[in-house]
Each structure stands twice: as structure tokens, then as C-alpha cells.
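Q: Numbering (this note's numbering), first residue to last: 64 to 231.
Beta carbons are placed, not taken as given, at the ideal position from N, Cα and C, and that holds for glycine.
Keep in mind that this is a model prediction, so the values were computed, not measured.
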Amino acid sequence: MANDERFAPTMLNGLDDSRCALLDLLGGLRRALVWYTPLIRPELYDDPDVLDAIRKRVVSQPKLRLHLVLPPAREWRGDCPRLARLSERLTSALLLHTPNRPEIPDRPELSQAFVIADERALLRFSDPRRLIGGYEPEPGERMKELLELFRLIWERSQPDLDLRRLGI
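1) Find the nearest neighbour of leucine 226 within the set Thr100, Glu106 and Arg137, judged by alpha-carbon distance.
2) Where DSSP assigns a beta bridge to alanine 71, which residues make up the other side?
3) Identify every residue that forms a DSSP beta bridge with glutamine 124.
4) In chain order, what residues of the same chain have a beta carbon less than 7 Å from the beta carbon of glutamate 106, not counting five sequence neighbours either side?
5) Can you tell me which of the three DSSP states proline 222 falls into?
6) Looking only at C-alpha atoms, which of Asp87, Glu218 and Pro72 sits nearest to histidine 54?
7) Quick one: using the 10 Å Cβ neighbour count with 16 as the cut-off for buried, is glutamate 199 buried or exposed?
8) Using DSSP's beta-bridge definition, name the partner residues of leucine 197.
9) Alanine 176 bridges to which residues according to DSSP?
10) If you follow the alpha helix (DSSP H) that alanine 147 is part of, which residue opens it and which one closes it?
11) Do you know how far the Cα of valine 113 is from the Cα of glutamate 182?
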């Protein structure tokens, strides 16, 4: 039973819970990460510990790839300077795209945020503004649906024009 509890979903309610869950997810990351968010909360996305965990993962695993679909950089770059700098340094591992809104399907899931690590762990924010959601180290079918949705979004997204002008 203790083993089952270890993989039970964790409810997230705010910044502290979300930060701990994200750090746990990043700590177990081995191959690939996909991350979709309709909005950026600088307290989480520009958190020094979160970004340091990403940097350490990439340095220790050079083949690691992180695919992020974020709002246009002009909306968050000023509030998240550490994330912008990290994306400048890790251009081959940290791939940032912006959704191409006219080509993205109208799905309710796209008002949420989600992070999937190695196709095996899921962090999802049903309310990304307030960082309310759940973390599942061993998710079920829902993760597969979100992963397929992410792949569709990624195919229809593009590198951010503002970041491209900066050489990112």
C-alpha cells in the first residue's frame, strides 16, 4: 500500500505546492519534457531553483530536449529575465515556441497548463493563474491524451518571433 501512496496524485494549491511538484518532476527527468501554458506566472516560471534544475538536467544529460509552448515572449520576457537568459544559453535543448492561434484547435484543455516528463509524469494546472491543479508521478490515460494534444500544438506552433530577433 505504501507503494501505491507514492504514486497517488498530489493536489496543488498555489505557488509552494506547484514549485515542489515541478522540482520533483524535473528531478526525475531523463529524456524529454513537454510544457504547455497559456500564461506565465513569473513566480514559478522564473524561479531560480526551477531554472537551475532545468539547467542542471541539460548539462548532465546533453541529449535531453525540453519543448515549451508559451505565450509570445513580449508578454513575459520582462517579468522572466532568468527564463529568457536560460533560453539564450540552452538553445539546442530548450526549444521555445508560440502557439499559432488560428491553427490550434479550440479545446477546453488549452485554457489549462501541463508539463509531461518522459511520457510518464504529469503536472497539470486546471487553473494556471492561481496554480491550482495536480501532480501525478504515474498518470493514466489522461496523460496520453494531453501528450497527443501537445504534439498537435507543437506541429502547428512556431519559434517565437521576439526571441528569434534576439537570436534565440
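A: Judging by the given coordinates:
1) Arg137
2) The partner list for alanine 71 (beta bridge, DSSP) is empty, contrary to what the question assumes.
3) None, per the DSSP bridge assignment.
4) Leu78
5) strand
6) The question about residue 54 has no answer here: the residues shown for the chain are numbered 64 through 231.
7) buried
8) Note on residue identity: the sequence assigns glycine, not leucine, to residue 197. Per DSSP, Met74 and Arg187.
9) Phe188
10) 144-152
11) 20 Å
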